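Residue numbers for the sequence shown, in the numbering used here: 841 to 929. First comes the structure, then the notes that go with it.
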Amino acid sequence: MPPNFIEFQKLLEQNLELAKQNNKMLRSMRRAGWFSALWQVIWWAFIAVSSYYLYVQYLAPLMGTLGTFHVPSQAELQQAVQQYQTTHQ
841 MPPNFIEFQK LLEQNLELAK QNNKMLRSMR RAGWFSALWQ VIWWAFIAVS SYYLYVQYLA
901 PLMGTLGTFH VPSQAELQQA VQQYQTTHQ
């Protein structure tokens, strides 16, 4: 066997070992990316569900008791001012 063949065989074995390590690292990165995407979906679903829950439990009943927002007319404001003046004189 020529000496070049032995060196070539060593280089091929090193190349194979590097390819295996690279494949292992790439699989690990792909798995980490998949878990990261899954975690983001779970996180945003939690935020959406919890905000809906808080709205239904606390904000909706509060809005029901307060009613709709009412802007008083000019006549209602004048009546309130006159009522205040008569009671505080």
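Quick reminder that beta carbons are idealized off the backbone N, C-alpha and C, glycines included. For clarity, every value in this text was computed on a predicted model and none was experimentally measured.
To the nearest angstrom, how far is it from the Cα of residue 856 to the Cα of residue 872? 24 Å
Can you tell me which of the three DSSP states residue 843 falls into? helix
Pick helix, strand or coil for residue 918, following the three-state DSSP scheme. helix
Among the residues of its own chain, which have a CB less than 8 Å from the CB of residue 920, if the five just before and after it don't count? Answer for residue 920: 912, listed in chain order.
Please decide whether residue 888 counts as near chain B, where near means a Cβ-Cβ distance under 8 Å. No chain B appears in this structure, which consists of one protein chain only.
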